[in-house]
Each structure stands twice: as C-alpha cells, then as structure tokens.
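Residue numbers (the UniProt record's numbering), protein chains in the order written: chain Y, 1 to 71; chain R, 1 to 219.
Even glycine gets a Cβ: it sits at the ideal position worked out from N, Cα and C.
What follows is one structure encoded as structure tokens, with my remarks underneath.
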Amino acid sequence: MADEEPVDQKKYLEDGCKPKCVKQLRSYEACVKRIQGDESGHKHCTGQYFDYWSCVDKCVSSFICLEPQFG
Amino acid sequence: MIRIRRGHQVYQQVCASCHSMSLISFRDLVGVAYTEEETKTMAAEIEVVDGPNDEGEMFTRPGKLSDRFPQPYANEAAARFANGGAYPPDLSLITKARHNGQNYVFALLTGYHDPPAGVTIREGLHYNPYFPGGAIAMPKMLIDGALEYEDGTPATEAQMGKDVVTFLSWAAEPEMEERKLMGFKWIFLLSLALLQAAYYRRLRWSVLKSRRLVLDVVN
C-alpha cells in the first residue's frame with residue numbers, strides 16, 4: 001500500500017503524555033545518576049520507573065477507554 | 001463482531017504457535033466472527049486425530065466445526081521444553097483468570113519497555129513491568145505490521161492488542177452482553193417490585209403501627 005507507515009496509537013499517546021510526567025521522569029533520572037557507580041547489583045530504580053510509567057498510563061487512559069462491549 | 005474476527009486472526013497468526021485455547025471449538029466462531037462456510041474452511045485446514053476406526057487404528061482427518069482449536073503442543077511438558085521451562089498458559093479463560101483481565105492483557109502485550117536502571121534480566125527472559133516479578137518468558141509479539149488484517153485495517157501494536165483482548169474476552173465470556181442485558185432488566189424490574197412490596201407491607205402494618213396503647217391505673 002502506498003500509505004505512510006501507520007503510527008502506533010499507544011506510542012503516539014505515550015509520547016504526548018511524556019510532558020505531563022516530567023516530575024517522575026526527572027526523579028527517575030536522578031535515581032539513575034545516583035546508582036551509576038553501584039557495583040553490588042542491589043540498587044535499582046524500579047520505584048521511580050513505576051511512578052513514571054503509571055503516570056504515563058493514567059494519562060494515556062484518559063484519552064482512551066476500553067469499551068466493555070464487543071464493539 | 002468485526003473486532004472479534006480481527007482478534008481471532010491475531011490469535012491464529014501470532015499466538016497460536018505457543019498458546020492453546022483448548023476450550024473453544026470452531027463452531028463457537030460461527031455467527032460471531034465468521035460465517036459457517038468460512039469456519040468450515042478454516043477448520044478443514046487442520047488435521048485432527050480421530051478414531052479408532054473399524055480396524056482399531058487411529059487415523060487423521062481434516063477438522064470439522066465440532067473440533068476444538070488445535071493445540072500447539074501435545075502436553076504441558078512439551079510446551080515447557082519448547083519454551084525454556086515456561087508454560088504458555090491456555091488462553092480460553094485468561095481474561096477471567098487474571099485480575100482486571102482485559103486491561104492486564106492489553107497492558108502486558110503492549111507494555112514491553114526497557115528495564116529500569118539497576119535491573120538485569122537473565123538470558124531467555126524479557127522485562128515487562130506489568131508481569132508480576134517483571135521477568136516474562138514471552139518476547140514482545142505484537143509489532144507494528146506483524147500481520148495483515150483481512151479487512152485491511154492497519155496492524156499497529158495498539159490495534160492488534162485491542163482486537164486480541166476483545167477476542168480473548170469473548171472467548172472467556174461469550175455470554176457477557178446477554179448476561180448484562182438480563183442483569184439490567186431484572187435489577188430494574190426487581191427494584192420496582194421492591195418498592196411495591198415495601199408499600200404493601202407498610203400499608204398492611206399501618207393498622208398496628210398506628211395503634212395507641214394506654215397504661216392506666218386499675219381502681
């Protein structure tokens with residue numbers, strides 16, 4: 001087909017939502033910096049990562065809602 | 001309905017190589033996702049072991065509407081062996097078998113991201129923040145353009161995710177729409193009946209509730 005590449009809707013919404021979640025993104029980046037030199041392998045940034053992604057998910061879900069019926 | 005059809009195409013082309021759906025038969029699709037002829041043709045493409053015949057031997061024949069969906073592996077052990085020890089779960093009831101099933105499956109399928117800093121996943125597993133524990137054996141399967149829909153809809157990741165979740169929800173709860181309509185109807189009717197019963201009870205009891213009792217002195 002000669003159409004341009006279809007843009008994945010979810011990625012598009014996630015990119016649009018990134019500005020809303022800058023605070024979480026910054027705190028994640030700060031964590032990454034903090035644990036950079038870590039050798040023990042026990043330090044990780046899962047908390048900040050989850051905060052960021054749940055913020056993005058909430059924002060994305062405000063744009064879409066999975067209909068309960070079999071549309 | 002068209003979404004269930006597309007979802008079935010996603011299942012068949014992307015998922016069926018590892019995931020069984022052993023509780024669904026081809027005839028369940030008739031009238032929902034495909035016509036009877038289309039479903040018969042689809043069923044006839046697979047080989048089914050049947051028998052024994054008059055000579056006592058098992059034989060293979062093309063599939064019929066009454067056959068269940070084909071299983072990718074003969075048993076759980078074969079499935080685990082082929083997938084590095086992990087068993088791809090049967091998907092017939094998956095949206096009911098997971099909390100918030102529809103949203104969970106969609107998020108899982110479309111939510112493969114890089115792991116957070118400090119988290120390493122061993123060889124053979126993949127990071128998925130929605131999977132409990134974070135390390136899932138299934139790689140990211142829904143990739144833009146992974147398949148061509150029959151009806152020409154662009155096959156983006158989110159589109160395939162939503163279609164396959166609709167298909168899986170239908171497979172787990174085909175009666176959902178009818179059940180909910182029945183629920184609305186009967187809850188409405190029974191609440192009318194409740195109001196009527198409450199009124200009638202208060203009407204009959206009003207005689208006693210409006211009694212006056214007097215304590216008096218006996219002279």
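Rounded straight-line distance, which links the Cα of LEU91(R) to that of PRO174(R): Counted from its first residue, the second sequence places residue 174(R) at position 174. Counted from its first residue, the second sequence places residue 91(R) at position 91. Each residue's alpha carbon lies about 14 Å from the other.
Tell me which same chain residues have a C-beta within less than 6 Å of the C-beta of LYS18(Y), skipping the five on either side of it? Walking along the first sequence from the start, residue 18(Y) turns up at place 18. None.
Please check if any C-beta of chain R sits within less than 9 Å of the C-beta of VAL7(Y). Taking the first sequence and counting its residues from 1, the one referred to as residue 7(Y) is at position 7. Chain R, which has a Cβ nearer than 9 Å to the Cβ of VAL7(Y), makes this yes.
What number of angstroms, rounded off, separates the C-alpha of GLY183(R) from the C-alpha of TYR130(R)? As a first step, residue 183(R) must be located in the second sequence, where it is residue number 183. As a first step, residue 130(R) must be located in the second sequence, where it is residue number 130. Their Cα atoms are separated by approximately 32 Å.
Cross-chain neighbours of PRO129(R) in chain Y, by beta carbon under 8 Å: Residue numbering aside, residue 129(R) sits at position 129 when the second sequence is read from its first letter. By Cβ distance, chain Y contributes TYR49, PHE50 and TRP53.
Note down, in chain order, each residue of its chain lying with its Cβ closer than 6 Å to the Cβ of ASP51(Y), except the 5 sequence neighbours on either side. Position 51 of the first sequence, counted from the start, is the residue given in the question as residue 51(Y). For ASP51(Y), same chain residues with a beta-carbon under 6 Å away, outside a window of 5 residues either side, are GLN24 in chain order.
How many angstroms separate the CA atom of MET1(R) from the CA atom of ALA33(R)? Here residue 1(R) refers to the residue found at position 1 of the second sequence. Here residue 33(R) refers to the residue found at position 33 of the second sequence. CA-CA distance, MET1(R) to ALA33(R), rounds to 6 Å.
Please report whether the beta-carbon of VAL30(R) lies at a distance below 9 Å from any beta-carbon of chain Y. Residue numbering aside, residue 30(R) sits at position 30 when the second sequence is read from its first letter. No, its Cβ sits nowhere closer than 9 Å to a Cβ of chain Y.
Would you say GLU157(R) lies against chain Y (beta-carbon separation less than 9 Å)? Taking the first residue of the second sequence as position 1, residue 157(R) is located at position 157. Among the CB atoms of chain Y, one or more fall inside 9 Å of the CB of GLU157(R).
Nearest CA to the CA of PHE69(R): which residue from GLY152(R), ALA43(R), LEU125(R) and TRP170(R)? Residue numbering aside, residue 69(R) sits at position 69 when the second sequence is read from its first letter. When each option's Cα is compared against that of PHE69(R), the closest is ALA43(R).
Nearest candidate by alpha-carbon position, reference LEU142(R), set ILE4(R), PRO52(R), GLU47(R) and VAL10(R): Position 142 of the second sequence, counted from the first residue, corresponds to residue 142(R). Closest by alpha carbon: VAL10(R).
Starting from the C-beta of residue 221(R), find all residues in its chain whose C-beta is less than 8 Å away, skip the five residues before and the five after it, and write them out in chain order. Since the first residue of chain R shown is 1 and the last is 219, residue 221(R) is not available in this structure.
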